[in-house]
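What follows is a set of notes on a single structure, which appears directly below.
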Amino acid sequence: MLKSFIEQTINGLQTGSIYALIALGYTMVYGIVKLINFAHGDILMVGAYITLIAVSNGMPLILAIVLSIVLCAILGVVIDFFAYRPIRNAPKISALITAIGMSFLLESLALIIFGANPKVIDPKYIPAFLSNDNKMKLGFLQISTLTIFVIVITIICMVALNLFIKKTKLGKATRAVSQDTGAAQLMGINVNKTIAITFAIGSGLGALGGALYAIVYPQIEPYMGMLPGLKAFIAAVFGGIGSIPGAMVGGYVLGLLEAYVKGSSLTTWANPIVFGVLILILIFRPNGLFGKNMKEKV
Numbered sequence: 000m001l002k003s004f005i006e007q008t009i010n011g012l013q014t015g016s017i018y019a020l021i022a023l024g025y026t027m028v029y030g031i032v033k034l035i036n037f038a039h040g041d042i043l044m045v046g047a048y049i050t051l052i053a054v055s056n057g058m059p060l061i062l063a064i065v066l067s068i069v070l071c072a073i074l075g076v077v078i079d080f081f082a083y084r085p086i087r088n089a090p091k092i093s094a095l096i097t098a099i100g101m102s103f104l105l106e107s108l109a110l111i112i113f114g115a116n117p118k119v120i121d122p123k124y125i126p127a128f129l130s131n132d133n134k135m136k137l138g139f140l141q142i143s144t145l146t147i148f149v150i151v152i153t154i155i156c157m158v159a160l161n162l163f164i165k166k167t168k169l170g171k172a173t174r175a176v177s178q179d180t181g182a183a184q185l186m187g188i189n190v191n192k193t194i195a196i197t198f199a200i201g202s203g204l205g206a207l208g209g210a211l212y213a214i215v216y217p218q219i220e221p222y223m224g225m226l227p228g229l230k231a232f233i234a235a236v237f238g239g240i241g242s243i244p245g246a247m248v249g250g251y252v253l254g255l256l257e258a259y260v261k262g263s264s265l266t267t268w269a270n271p272i273v274f275g276v277l278i279l280i281l282i283f284r285p286n287g288l289f290g291k292n293m294k295e296k297v
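Following this line, the structure appears as structure tokens:
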């Protein structure tokens, strides 16, 4: 019983790490432009396909992941420039509809280019230390080195992102734009550049999540980003969307909840329970665990 519980906890931390990476992208963008970027889940899908193409053409997996992060960061900036920047001052509903439209566009392009049949990264391209078959023995437990890698990479990303936001000049500019765009402009901050960098970071994290997702759950298809994207959004809301630590905590809580449900007799209830959590959060704690209660004048 104890062994099963610990194994489910480890599985939950692995899944939660991927949700947390994607949730960080959601929370970064929302924190600065107050936009729920529903195309963010599809950045995960693009990152997975880029990784697949790169390793299939002989590139080492780690370099392929780095390439995926860079290209998706550029894609995030392009999406912001062409889709979101022109409607920056438009009603929020316009930005929301644009985000949904961008999501459908990315999915449709992937369907046209790659087809509907799922693809997998051939195990021969995956280094031994990232293989699910490579286990480390800790007492009576056997933990996959891939699981350890995913968790460690996620924690490193969160710490690095926190340091970037709090310690760097650009991070301070990001916080300034998030708090008051008009005042930030008066202080000489290039708002468009700051927002573009935020999109780049968020999209890069989404690509990393996509590459790891494609290794952990080896199936890549045009709609693969929908469900993880929605769950990552729930994680961001749970933690307090706009909060980086909140996105991480939300991702891990959601991953653990899903793992425990799947490990019980309620396996088929995993997704309904996860989405039920979103409803409960919005009813009892709409600002999330770490969210601030923002009052608006009307």
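The sequence shown begins at 0 in numbering that gives the first Met the number 0 and counts up one residue at a time.
Note that CB positions come from ideal geometry on N, CA and C, so glycine has one too.
From a predicted model like this one, the values you see are computed outputs, not experimental measurements.
Would you call V151 buried or exposed, if buried means 16 or more other Cβ atoms sit within 10 Å of its Cβ? Residue 151 sits at position 152 when you count from the first residue of the sequence shown. Exposed, by the Cβ-count rule.
Assigned secondary structure, M44 (DSSP; H/G/I helix, E/B strand, else coil): Residue 44 sits at position 45 when you count from the first residue of the sequence shown. Here M44 sits in helix by DSSP.
Answer yes or no: do S67 and V149 have a C-beta to C-beta separation smaller than 7 Å? Translated into positions along the sequence shown, residue 67 becomes position 68. Translated into positions along the sequence shown, residue 149 becomes position 150. Cβ distance not < 7 Å, so S67 and V149 don't count as in contact.
To the nearest angstrom, report how far apart I280 and N56 are at their CA atoms. For the purposes of this step, residue 280 is taken as the residue at position 281 of the sequence shown. For the purposes of this step, residue 56 is taken as the residue at position 57 of the sequence shown. Looking at the two C-alpha atoms, the distance is approximately 45 Å.
Use the C-beta contact count for D79: other C-beta atoms within 10 angstroms, 16 or more gives buried, fewer gives exposed. Along the sequence shown, one-based indexing puts residue 79 at 80. Per the 10 Å Cβ criterion, buried.
Please work out which residues of its chain come closer than 8 Å, Cβ to Cβ, to I188, disregarding the five sequence neighbours upstream and downstream, and give them in chain order. Against the sequence shown, residue 188 aligns to sequence position 189. Hits under 8 Å: A172, A175, V176.
With C-beta atoms as the reference, is A231 less than 7 Å away from Y29? The sequence position of residue 231 within the sequence shown is 232, counting from 1. The sequence position of residue 29 within the sequence shown is 30, counting from 1. No, the Cβ-Cβ distance between A231 and Y29 is not below 7 Å.
According to the Cβ coordinates, are M44 and G224 closer than 7 Å? Here residue 44 refers to the residue found at position 45 of the sequence shown. Here residue 224 refers to the residue found at position 225 of the sequence shown. For M44 and G224, yes; Cβs fall inside 7 Å.
Run the CB neighbour count on M135, radius 10 Å, all protein chains shown included, and call it buried at 16 or more, exposed below. If you number the sequence shown from 1, residue 135 lands on position 136. Flag for M135 reads exposed.
Does DSSP put L288 in a helix, a strand or coil? On the sequence shown, residue 288 is found 289 positions in, with the first residue counted as 1. L288: coil per DSSP, three-state reduction.
Just checking my contact of S102 with F198 at CB under 8 Å: how many whole Å lie between their CB atoms? Translated into positions along the sequence shown, residue 102 becomes position 103. Translated into positions along the sequence shown, residue 198 becomes position 199. About 15 Å separates the two Cβ atoms, so there is no contact after all.
Kindly identify the DSSP beta-bridge partner or partners of M135. Position 136 of the sequence shown, counted from the first residue, corresponds to residue 135. DSSP, once it has assigned bridges, lists I142 as partnering M135.
Leaving out the 5 sequence neighbours to the left and right, which residues in its chain are closer than 6 Å to E220 when beta-carbon positions are compared? Position 221 of the sequence shown, counted from the first residue, corresponds to residue 220. For E220, where only same-chain residues beyond five positions count, the Cβ hits under 6 Å are P117.
Within its chain, find whatever has a CB closer than 6 Å to the CB of K91; leave out the 5 residues flanking it on each side and keep chain order. As a working mapping, residue 91 is identified with position 92 in the sequence shown. Cβ within range, chain order: n/a, list empty.
Can you tell me which residues form a DSSP beta bridge with V17? Position 18 of the sequence shown holds residue 17. Sequence inspection shows Ile at residue 17; the Val mentioned does not correspond to that position. Looking at the DSSP assignment, I17 forms no beta bridge with any residue, so it has no partner.
Can you tell me whether G287 is buried or exposed? The criterion is at least 16 other CB atoms within 10 Å of its CB, across all chains shown. Looking up residue 287 in the sequence shown gives position 288. Classification for G287: buried.
Can you tell me whether DSSP reads K33 as helix, strand or coil? Translated into positions along the sequence shown, residue 33 becomes position 34. In this structure, K33 counts as coil in the three-state DSSP scheme.
Could you tell me which whole beta strand (DSSP E) segments of length 3 or greater appear in the stretch 47–111? none
Once the 5 residues before and after A182 are set aside, which same chain residues still bring their CB inside 8 Å of it? Taking the sequence shown and counting its residues from 1, the one referred to as residue 182 is at position 183. Only A175 meet the Cβ criterion.
Does the count of Cβ pairs from the stretch 200–218 and the stretch 105–113 closer than 8 Å reach three? no
What separation, rounded to the nearest whole angstrom, lies between the Cα atoms of L129 and Q218? Within the sequence shown, residue 129 is the residue found at index 130, counting from 1. Within the sequence shown, residue 218 is the residue found at index 219, counting from 1. Looking at the two C-alpha atoms, the distance is approximately 16 Å.
Counterpart residues of K118 in DSSP-defined beta bridges: Here residue 118 is taken as the residue at index 119 of the sequence shown, counted from 1. In the DSSP output, where bridge partners are listed per residue, K118 has I219.
Please say whether A269 and A22 have beta carbons closer to each other than 7 Å? Sequence index remark: in the sequence shown, residue 22 carries index 23 (1-based). Sequence index remark: in the sequence shown, residue 269 carries index 270 (1-based). It is not a contact, given that the beta carbons lie outside the stated cut-off.
Taking 7 Å as the cut-off, decide whether the C-beta atoms of M247 and M157 are in contact. By one-based count along the sequence shown, residue 247 stands at place 248. By one-based count along the sequence shown, residue 157 stands at place 158. Yes, the pair counts as a contact, with Cβ atoms nearer than the cut-off.
If you drop the 5 nearest sequence neighbours on each side, which residues of the same chain put their C-beta closer than 6 Å to that of L229? One-based indexing of the sequence shown puts residue 229 at position 230. Around L229: no qualifying Cβ.
Cα separation between L95 and N88? Along the sequence shown, one-based indexing puts residue 95 at 96. Along the sequence shown, one-based indexing puts residue 88 at 89. In a straight line, the C-alpha of L95 is about 13 Å away from that of N88.
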